[in-house]
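Reminder that position 89 of the sequence shown reads as 88 in numbering that gives the first Met the number 0, one-by-one numbering, no gaps. One structure below.
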Amino acid sequence: MLLYRSAVWFAKGLREYTKSGYESASKDFIPDDLEVQVPGRAFMVTGGNSGIGRATAFEIAKRGGTVHLVCRDQNRAEGARGEIIRESGNQNIFLHIVDLSDPKTVWKFVENFKQEHTLNVLINNAGCMVNKRELTEDGLEKNFATNTLGVYVLTTALIPVLEKEHDPRVVTVSSGGMLVQKLSTDDLQSERTAFDGTMVYAQNKRQQVVLTERWARAHPAIHFSCMHPGWVDTPDRKPVPTHLPLARTSSSPAEEEKLIEILEELAQRFK
């Protein structure tokens, strides 16, 4: 059965998550829908200095939007900002250096940001897949701290800012890899089980989808959505098809509640 599920998942991935999947879906695209202009709207893109984040930031800038790049590496981020300005001709590109794995820094960043800026759209793009268990200075497992807790703190803190604006949106770049994981809150920081970076990443992405569903129900004025970009050759995530068995995609309300409780407790601890 495990071999069968793995084969089904691999076939699904080849069909839907590669270039052929895009080409198939693009037949239903309406060209005019893709030619949107966004002057006067402000977008925050985490991990906006490379890969998917940089491409997203550039397309927004090209269409007249104000872009807030939230990045960890100062030199790479400054280089990306300069390139986006030159290529798009848009000067409204702001840079914020924030390590999403540090919840205290994220809280402080949002507190300062909301004093000076407005925001229409948050794009949670930044993420990591660390294949050996590493801890942050706060003693948090790095994948969990960045992909789950960081996204939770940033989004939660920005919801009041977003709710003040017209047509606010939150888009989280998740992954089809989450389909290999059922939500589990028993060992969120991989303290008691053998560490597998791919599985931890997939669990984090499952957690992001659960959070998005919860936020959407709690804050109907904001449009929340998740997306899967396909197998993309980015600096931090090479296009490697998974060999793992497909898990059940549902999660119990009790597990969801426990996840929220744990994240809220951690978020407040490091506020």
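Here a beta-carbon is modelled for each residue, glycine too, at the ideal position from N, C-alpha and C. Here the structure is a predicted model, which means the values were calculated and not measured.
Ile59 sits in a helix when the DSSP states are folded into three classes. Cβ atoms of Val105 and Val152 come within 8 Å of each other, at about 5 Å.
At least 8 Å separates the beta-carbon of Glu164 from that of Asn203.
Runs of the beta strand (DSSP E) lying entirely within the segment 138 to 201 and spanning at least 3 residues, in chain order: 168 to 172.
Note that the C-beta distance between Gln207 and Ser183 is not below 8 Å. Counting every other CB atom within 10 Å of its CB across the protein chains shown gives Ile122 a total of 16 or more, marking it as buried. Excluding the 5 residues flanking it on each side, Phe194 has same chain C-beta neighbours closer than 6 Å at Arg132, in chain order. Its Cα nearest to that of Phe269, the residue Leu139 stands out among Ile221, Leu139, Glu254 and Asp166.
Closest by C-alpha distance to Asn111, out of Leu157, Ala266 and Ala201, is Leu157.
Linking Asp31 to Lys103 through their CA atoms gives a straight-line distance of about 42 Å. Ile221 counts as buried, since no fewer than 16 other beta carbons sit within 10 angstroms of its beta carbon.
Between Val66 and the set Gln73, Thr45 and Arg75, the nearest pair of CA atoms involves Thr45. Shortest Cα-Cα distance from Glu260 to any of Gly196, Pro219 and Asp185 involves Asp185.
Between the segment 16 to 31 and the segment 49 to 68 there are fewer than three inter-stretch CB-CB distances shorter than 8 Å, so the stretches are not counted as touching.
As the crow flies, the alpha-carbon of Pro228 is around 10 Å from that of Tyr21. For Asn89, there is no enclosing alpha helix (DSSP H), as DSSP marks it with neither H nor E. Around the C-beta of Gly176, 16 or more other C-beta atoms lie within 10 Å, and the residue is accordingly described as buried.
One Cα belongs to Glu115, the other to Leu68, and the distance between them is close to 15 Å. Annotation for Thr65: the continuous beta strand (DSSP E) segment containing it runs Thr65 to Cys70. Minimum Cα-Cα distance from Arg40 among the listed residues Thr117, Arg213 and Val97 corresponds to Thr117.
Bounds of the alpha helix (DSSP H) holding Asn111 are Pro102 to Glu115. Ranked by how close their Cα comes to the Cα of Thr211, the residues Val199, Ser224, Phe93 and Lys61 have Ser224 in first place.
Ranked by Cα distance from Ala201, the first of Glu77, Asn146 and Thr154 is Asn146.
Take the alpha-carbon of Pro38 and the one of Ile84: they are about 15 Å apart.
In the structure shown, the three-state DSSP call for Asn123 is strand.
With respect to the 8 Å criterion, Val179 and Asn142 are not classified as neighbours on the basis of their beta carbons.
DSSP places Ser224 in no alpha helix (DSSP H) but in the uninterrupted beta strand (DSSP E) bounded by His222 to Met226.
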